[in-house]
Amino acid sequence: MPSVAIIGASRGIGLSFAETYAADGWKVHATTRAIDRPGDLADITGDVSLYGLDVRNADQIAALAQALDGRGLDLLIHSAGVLRGVEREEMIAVNADAPFNVVGALLPAVERGAGKKIAILTSQMGARHGGGTPTSLYGESKCLLNDRFREIEPAWRAKDITSVVFHPGWVATNMGGHGAPVSVTESVSGMRRVINEMTQDDSGHFLTWKGTEHPW
Ligand SMILES: NC(=O)c1ccc[n+]([C@@H]2O[C@H](COP(=O)([O-])OP(=O)(O)OC[C@H]3O[C@@H](n4cnc5c(N)ncnc54)[C@H](OP(=O)(O)O)[C@@H]3O)[C@@H](O)[C@H]2O)c1
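Count along the sequence shown from 1, then add 227; that gives the number in the numbering used here.
So this is what it looks like as structure tokens:
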């Protein structure tokens, strides 16, 4: 069966990716900061391996890459992110630096996989929409993520990897708030459909959970 690594799977969108891929028989490698308190992750039925990972921790990233040494990943999803309650340094580190540190370390595993796909969760709040610069710190961090993605994606594509960034919608998680209009199920099933159908021609794009193009 295919395999997927989900970075930031303790709750919200990442947890739902882990639950649904495991339910479909995929081998799931799921990361959580609180490996001693896996919560809902521990209740998933299926072939799930858990790893402790704070995405700011270089040693833990290296340990994850080591644990996956020799294995192939069909798909790598980076979902971990922060919106509020942290200082600027942590916001940039988690939202803009970590995706590239993690993907960089796991790239050999993706290259060994048959699927060779990467999806990184960004946000519409990181979009310039034709000129401006996002004003919130969160928007700035996701804008930086988007810029870095566009810079590095051709090098990943040269390795036959298809990668995209997603706006998952305004989703009813802790981050999105429970009044948000898009359910976790709707967002994750939408992104899963897009990931499943995407080909190399889609690489380098900023997509919504519905598969439509999002302006940068
Ligand atoms: N929900 C929305 O409306 C929305 C909209 C646009 C974009 N997004 C993006 O979608 C992604 C998932 O969001 P969500 O709604 O699922 O958020 P969430 O429910 O708040 O979950 C955030 C996840 O990120 C993890 N995380 C945060 N800091 C971390 C760190 N330093 N190391 C490792 N993991 C860390 C959290 O782990 P802990 O449990 O350990 O804190 C949790 O698993 C994020 O990148 C977010 O920016 C969400």
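By construction, the Cβ of each residue, glycine as well, lies at the ideal position given by its N, Cα and C atoms.
Assuming residue i and residue j make a contact with CB atoms under 8 Å, what is their CB distance in whole Å?
{"i": "residue 301", "j": "residue 341", "result": "6 Å"}
{"i": "residue 280", "j": "residue 291", "result": "6 Å"}
{"i": "residue 422", "j": "residue 346", "result": "6 Å"}
{"i": "residue 299", "j": "residue 230", "result": "7 Å"}
{"i": "residue 239", "j": "residue 402", "result": "6 Å"}
{"i": "residue 268", "j": "residue 245", "result": "7 Å"}
Within the present structure, is the beta-carbon of residue i separated from the nearest heavy atom of ligand 1 by less than 8 Å?
{"i": "residue 231", "result": "no"}
{"i": "residue 332", "result": "no"}
{"i": "residue 293", "result": "no"}
{"i": "residue 306", "result": "yes"}
{"i": "residue 350", "result": "yes"}
{"i": "residue 261", "result": "yes"}
{"i": "residue 380", "result": "no"}
{"i": "residue 280", "result": "yes"}
{"i": "residue 354", "result": "no"}
{"i": "residue 255", "result": "no"}
{"i": "residue 395", "result": "yes"}
{"i": "residue 437", "result": "no"}
{"i": "residue 237", "result": "yes"}
{"i": "residue 407", "result": "yes"}
{"i": "residue 322", "result": "yes"}
{"i": "residue 398", "result": "yes"}
{"i": "residue 309", "result": "yes"}
Pull the bridge partners of residue i from the DSSP assignment, please.
{"i": "residue 440", "result": "434"}
{"i": "residue 421", "result": "Residue 421 pairs with nothing; no bridge assigned."}
{"i": "residue 242", "result": "In DSSP, residue 242 forms no bridge with anything."}
{"i": "residue 232", "result": "256, 303"}
{"i": "residue 279", "result": "259"}
Under 9 Å, do residue i and residue j count as touching if we go by C-beta distance?
{"i": "residue 329", "j": "residue 317", "result": "no"}
{"i": "residue 306", "j": "residue 379", "result": "no"}
{"i": "residue 177", "j": "residue 393", "result": "An answer regarding residue 177 cannot be provided, because it is not within the stretch 228 to 443 covered by the chain."}
{"i": "residue 353", "j": "residue 384", "result": "no"}
{"i": "residue 418", "j": "residue 381", "result": "no"}
{"i": "residue 255", "j": "residue 273", "result": "yes"}
{"i": "residue 257", "j": "residue 241", "result": "yes"}
{"i": "residue 389", "j": "residue 425", "result": "yes"}
{"i": "residue 344", "j": "residue 386", "result": "no"}
{"i": "residue 398", "j": "residue 407", "result": "yes"}
{"i": "residue 520", "j": "residue 348", "result": "With the chain running from 228 to 443 in the structure shown, residue 520 is simply not present."}
{"i": "residue 412", "j": "residue 237", "result": "no"}
{"i": "residue 319", "j": "residue 350", "result": "no"}
{"i": "residue 391", "j": "residue 428", "result": "no"}
{"i": "residue 297", "j": "residue 264", "result": "no"}
Is residue i a contact residue of ligand 3, with contact defined as CB to any heavy atom under 8 Å?
{"i": "residue 366", "result": "The ligand content of the structure shown is limited to ligand 1, which means ligand 3 is not among them."}
Fully enclosed by the stretch 287-350, which alpha helix (DSSP H) runs are 4 residues long or longer? Within the stretch 287-350, complete alpha helix (DSSP H) segments of at least 4 residues are found at 315-319, 325-339, given in chain order.
Which ranges would you report for the beta strand (DSSP E) in the stretch 339-419 if only whole runs of at least 3 residues count? Entirely contained in the stretch 339-419, the beta strand (DSSP E) runs reaching 3 residues are, in chain order, 344-348, 389-394.
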